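*Asks:*
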Amino acid sequence: MIRTAWLVARKDLRIEFRSRVLLWQVTPFALLSLVLAGLALGPDKAGSSSSAPGLFYLVVLFVALSVVQRSRSLESAPGTRASVATLGLDPAGVFLGKSLALTLELWGLGLILLIGSVLFLHIALIGAVKALPSVAVTLGVMSTAGTIYGALTTGGEGPVTLLPLLTLPAFAPLLVAGERSLSAALYGGALWEWWVIVVVALVAYVAVGVAVYGVLEES
Amino acid sequence: MMRRSSRWLGWTTAVLLAVTVVMGLWITPPDQVQGNLVRLLYIHPAIAWVALYVSFGTAVVAAGLYLWPRTRSLEMDRVSYCAMEISVVFIALTLVTGSIWGRPTWGVWWAWDARLTSTAILGVFEVAYLALRRANDDVEVRARRSAVFTLLTAINVPIIHFSVIWWKTLHQGASVLTATGSLNVHGTMLTTMLLSFVGFTTLFFWFLFRRVALESRRDARRTGELDSALEMRRREGVG
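Protein chains in written order, with my numbering: chain A, 5 to 223; chain B, 14 to 252.
(1) Taking residue 155/A as the reference, give the member of 96/A, 130/A, 132/A with the closest Cα.
(2) Distance check for residue 195/B and residue 38/B, CA to CA, integer angstroms please.
(3) How is residue 83/A classed by DSSP in three states: helix, strand or coil?
(4) For the stretch 210-221 of chain A, list every residue whose C-beta sits within 7 Å of some C-beta in chain B, in sequence order.
(5) Just how far apart, CA to CA, sit residue 98/A and residue 48/B?
(6) May I have the straight-line CA-CA distance separating residue 212/B from residue 18/B, to the nearest angstrom?
(7) Beta-carbon of residue 161/A versus every beta-carbon of chain B: anything under 8 Å?
(8) Any beta-carbon of chain B closer than 8 Å to the one on residue 57/A?
(9) Could you tell me the distance, in whole angstroms, from the CA atom of residue 208/A to the CA atom of residue 55/B?
(10) Are the stretch 153-161 of chain B and the stretch 86-93 of chain B in contact at 8 Å, needing three or more beta carbon pairs?
(11) In the stretch 143-162 of chain B, which residues sit with their C-beta less than 7 Å from some C-beta in chain A, listed in chain order?
(12) Out of 30/B, 100/B, 250/B, 86/B, which has the shortest C-alpha to C-alpha gap to residue 62/B?
(13) Hey, does residue 137/B have any beta-carbon neighbour from chain A nearer than 8 Å?
(14) How would you call residue 191/A, buried or exposed, if buried means at least 16 neighbouring beta carbons within 10 angstroms?
(15) Starting from residue 15/A, trace the alpha helix (DSSP H) both ways and give me its first and last residue.
(16) Short of 7 Å in beta carbon distance, which residues of its chain neighbour residue 122/A, apart from the five on each side in sequence? Order them along the chain.
(17) Residue 221/B to residue 71/B, Cα distance in whole Å?
(18) Should the stretch 8-19 of chain A be called in touch with the stretch 105-115 of chain A, which here means at least 3 C-beta pairs below 8 Å?
(19) Ignore the nearest five residues each way along the sequence and tell me which others in residue 149/A's own chain have a CB closer than 6 Å to its CB.
(20) So, is the C-beta of residue 80/B closer than 8 Å to a C-beta in chain A?
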């Protein structure tokens with residue numbers, strides 16, 4: 005399972021590295037969304053850092069959606085999924101590999117967005133550094149959840165519009181927990197209860213993904 | 014036999030709900046604090062009970078039974094789908110009745126309260142479930158994906174249930190039966206509430222019986238149409 009996971013993750017990351025879609029399309033989109041979120045609030049409120057954690061996670065959420073969409077599109081070419089199925093790979097390993105690749109991609113984008121938040125939304129650099137572990141775990145949960153929901157929409161009608169509808173309600177508690185933990189890292193406050201929610205969600209999604217990914221890929 | 018049971022259940026539900034209405038509107042006294050507004054509480058908790066626990070719970074159990082190889086059958090998928098569909102209606106009613114009660118009590122139609130928000134999120138999940146079913150034509154694929162999605166959304170129910178304890182926002186905690194097991198409601202008020210809970214629960218099962226029967230007939234018709242279309246093509250080929 006671990007070997008399969010490693011193979012799939014390397015394959016997905018290599019495709020991203022060669023195509024440069026994340027670099028030239030998703031990263032500018034992420035930064036542009038951050039600027040637009042600031043503009044939507046107006047110069048006074050965008051500059052006040054109390055709204056920064058919420059804006060940061062809102063942008064992260066939309067970026068995560070487009071990265072999940074991108075990850076599924078790698079297998080959308082006719083016959084790709086069928087030929088992968090004939091390889092007899094362990095579905096749990098495929099799930100873990102795709103989640104790992106997505107997590108690494110989102111970590112890169114999350115880091116860029118945090119730097120963008122320091123520049124555009126004026127959050128404290130030291131607070132952003134303190135928030136790194138909680139942001140990393142939250143993005144990990146989004147990746148594992150996104151991998152499962154992405155598999156649910158593959159092959160059906162309107163997967164591009166269906167994915168946000170299925171995923172956004174699942175991301176909502178993560179948005180709240182992430183925003184609260186980032187606020188706590190920036191301005192002080194209790195962190196542990198938000199950590200508990202995020203870690204429990206991570207364990208739950210990994211367990212469900214390992215158990216059911218094969219059932220979804222049978223489709 | 015099934016038809017007779019369904020009819021019997023329908024009449025029982027009608028009587029129970031009629032008695033609830035009479036007791037709730039005319040026999041029970043106004044509340045000391047809330048006045049006549051308390052009458053809305055004879056239906057709101059019961060509707061929420063059906064939406065979150067009975068209806069959604071049935072959908073989750075049936076989805077689990079569908080995924081379990083020994084109990085896998087399209088009948089389980091049908092039960093899960095129909096229960097989810099009914100849950101959507103009851104979730105909407107929960108939010109509407111809560112909102113009507115909230116306006117004079119809290120001063121707003123909607124508050125960003127933990128229980129309200131988490132219930133609304135479950136409602137969105139259920140609408141997403143219906144969209145997911147419509148996105149897949151293959152019966153087996155649809156059933157499998159719907160079952161997995163249902164199990165994934167089940168995590169919301171404990172979040173909604175404990176939200177009033179974990180976050181302590183506007184929505185009150187357990188009002189009828191407290192965590193210590195003591196009753197907060199008494200007399201005719203308690204009787205009316207219990208009648209309402211039983212009445213709405215039987216209403217759900219009546220809806221479920223009728224809806225599953227309708228869905229079975231619809232599936233049978235689809236299969237019949239497919240068979241006759243295939244037969245027609247075969248005849249054309251032979252001719």
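All C-beta atoms in this analysis are idealised placements derived from N, C-alpha and C, irrespective of residue type, glycine included.
Everything numeric in this text was worked out from a predicted model, so none of it was measured.
*Replies:* For this structure:
(1) 96/A
(2) Straight-line Cα distance between these residues: approximately 26 Å.
(3) Here residue 83/A sits in coil by DSSP.
(4) 212, 216, 219, 220
(5) 60 Å
(6) 16 Å
(7) yes
(8) no
(9) 36 Å
(10) Three or more beta-carbon pairs separated by less than 8 Å link the stretch 153-161 of chain B to the stretch 86-93 of chain B, which places the two stretches in contact.
(11) 144, 145, 148, 149, 154, 157, 158, 161, 162
(12) Checked all of 30/B, 100/B, 250/B, 86/B; the closest Cα to residue 62/B is 100/B.
(13) Interface residue, yes.
(14) It counts as exposed.
(15) 6-23
(16) So the qualifying residues of the chain are 129, 132.
(17) 10 Å
(18) yes
(19) 174, 209
(20) It does; some Cβ of chain A falls within 8 Å.
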